[in-house]
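Read the structure below first, then the notes.
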Amino acid sequence: MVDFASSEEVSLIKQTIDDFVDQEVEPLEAEHERLLQPDFRRLGDDGRQKPEAVELMDEIRRKSGDAGIYGMHMPESVGGLGLSMTEVAQIEQHVYTHGMGLNRYMFEFSPGPHPSLLNLDDERKRQYLEPLVAGNLSACLCITENSSGSDALDMQTTAEKDGDEWVINGTKQWITNGPYADFGQVFAVTDPDESGPEKVSAFLFETDNPGFEVGKVNQTLLNDGMQAEVQFDDLRVPEEHMIGERGEGFLAMMDTINAGRARIGVRCAGLMQFLVDETVRYAKERLSWGKPIGKRQHVRRMISNIATWQATTENLALRTAWLIEQGEDPARQSAMTKYYGTEKLFEAADFAVQVFGGNGLTYDYPVQKVFRYARMLRIPEGTSEIQQETIASELGL
């Protein structure tokens, strides 16, 4: 039987995270409450985050990097801690037990160091990846296009060789951190005669390149101004900015898909624990007809369901992480983790709003933001329907 109890090192890291939230995150949130609450106040008329909001995000990232938290999931050779997949999962879950505030920026997600960047040569690792791990730079990952959706290989963006450079043209959509990144990865068709993932290669580019432009910023449920359309218009990059070998960029990205779905699962488990803590506290304090609502059967049922879904999601996600460590390809397990975790987080957040009643509908309480985030999580990295198709296929249907 696998023991998922936290090691001494992970327990110490969790304490470091708690201290960081207490000493760095919460004071900044209190100081900038009028900017952050309600969250739409951080956005300008164009949908982008206001400069002061971007600086808060960057400040948390830099301080987290200084504390050794931000890129700890990466190998020691590039400045990380070389943690196992299970340890990364346990730590990411703990970060999200603190909810959906500025704590989200203290641990790598889309703007941070992606494992595919380990395919860079040593010079590019020193120039881009190591500062990224340290929290001194931020990045973006440009894969999705407006017409492709779940079929990521259906891309029109091309990269053509011109001497010792590649010329990239196309448009990407829903690019997280696109408006704020220092550099990014873009996936483009280099061999159109190929029919599979071998037709796509990956390239590194700097966002101050004159061939790169941020288009419309997507207005989403989260009011975070983080996703945007980005355009590549004769963007030129040198040969050495190809990430890995020609025709291997998409395959390298697919190698990380199970880990990505496991990490979404532990994020869901962390947020469900946050919802358990918030609803239990509120149910003890809120009175109706002279007694705490936590004594009411319907409230107790909803909170007990959240706690049960949290434990199940945590176990699914940690087992997926463990299987990855064993060198297996747990496609079915990771699909179950992403599907079950995101669907149950949405139900859990809906129950949490219900427990809070009218207060749950307001920006004064944190459960509504988890509800909005939960709704969003059912779509990226493969929709719930795609996960169900994967599960069915893995079962032999």
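Residue 306 in numbering that gives the first Met the number 0 sits at position 307 of the sequence shown, and the numbers go up by one each step.
All residues carry an ideal CB built from backbone N, CA and C; glycine is no exception.
None of these values were measured; they are calculated from a predicted model.
Per DSSP, reduced to three states, the secondary structure at L140 is strand. Taking C-beta atoms as the reference points, A88 and V265 count as a pair closer than 8 Å. Scanning its chain for C-beta atoms nearer than 7 Å, with the 5 sequence neighbours on each side dropped, one finds around S383 the residues Y338, T341, E342, R377, in chain order. The beta carbon of T206 lies closer than 7 Å to those of A180, D181, F182, G183 in the same chain, with the five residues before and after it left out. Leaving aside the five residues that flank K49 on each side, the residues in its chain whose CB is nearer than 8 Å to its CB run, in chain order, L34, R41, L42, G43.
Residue pairing by DSSP places Q184 opposite L140, L203 in a beta bridge.
Judged by their CB atoms, Y281 and V352 are not nearer to each other than the 8 Å cut-off. Bounds of the alpha helix (DSSP H) holding K62 are 50–65. Residue environment: G381 is assigned as buried (16 or more neighbouring CB atoms within 10 Å of its CB, all protein chains considered). Secondary structure note for G214: it is in no alpha helix (DSSP H), and the uninterrupted beta strand (DSSP E) holding it is 211–216.
Nearest Cα to Y372 within the set L317, C267, I292: C267. An exposed status is given to E122, since fewer than 16 other beta-carbon atoms sit within 10 Å of its beta-carbon.
Shortest Cα-Cα distance from Q226 to any of S303, E159, E144, A251 involves E144. Fully enclosed beta strand (DSSP E) runs of no fewer than 3 residues occupy 226–237 of the region 221–246, in order along the chain. The residues R266, G269, L270, in chain order, have a CB closer than 6 Å to that of Y95 in the same chain once the five nearest residues on each side in sequence are set aside. Under the three-state reduction of DSSP, T189 is assigned to coil, being neither helix nor strand. When secondary structure is reduced to three states using DSSP, Q367 falls in the helix class.
Comparing alpha carbon positions, the residue from S76, V24, G70, H297 closest to L55 is V24. Taking 8 Å as the cut-off, the beta carbon of T156 is found closer than this to the beta carbon of F231. Residue pairing by DSSP places N168 opposite T157 in a beta bridge.
Proximity to T189 across V53, G134, A158 peaks at A158, based on C-alpha coordinates. Judged by DSSP secondary structure, M105 falls outside any alpha helix (DSSP H); it is assigned neither H nor E. Taking C-beta atoms as the reference points, A187 and I167 count as a pair closer than 8 Å. Only residues of its own chain outside the window of five on either side were considered, and among them I305, A347, A348, A351, V366, V369 have a CB closer than 7 Å to the CB of L274, listed in chain order. According to DSSP, residue pairing for P291 in a beta bridge involves L286. The distance from the Cβ of G224 to that of R47 is about 5 Å, consistent with a contact at the 8 Å cut-off. With respect to the 8 Å criterion, C141 and V213 are not classified as neighbours on the basis of their beta carbons.
Check the Cα spacing between S333 and each of Q22, L152, R260: the tightest is with R260.
CA-to-CA, the gap between L116 and F106 works out to about 17 Å. Beta-bridge analysis with DSSP links L42 to Q48. The Cβ neighbour count for K160, taken over all protein chains shown within 10 Å, is under 16; the residue is labelled exposed. DSSP, read as helix, strand or coil, puts I305 in helix. If you compare the alpha carbons of L101, G67, E8 with that of V20, the shortest gap goes to L101. Checking the DSSP bridge columns, you'll see I385 has no partner listed. Burial is judged here by how many other beta carbons sit within 10 angstroms of a residue's own beta carbon; L317 has at least 16 and is buried. Relative to H297, the option among N314, M335, T278, T312 whose CA is nearest is T278.
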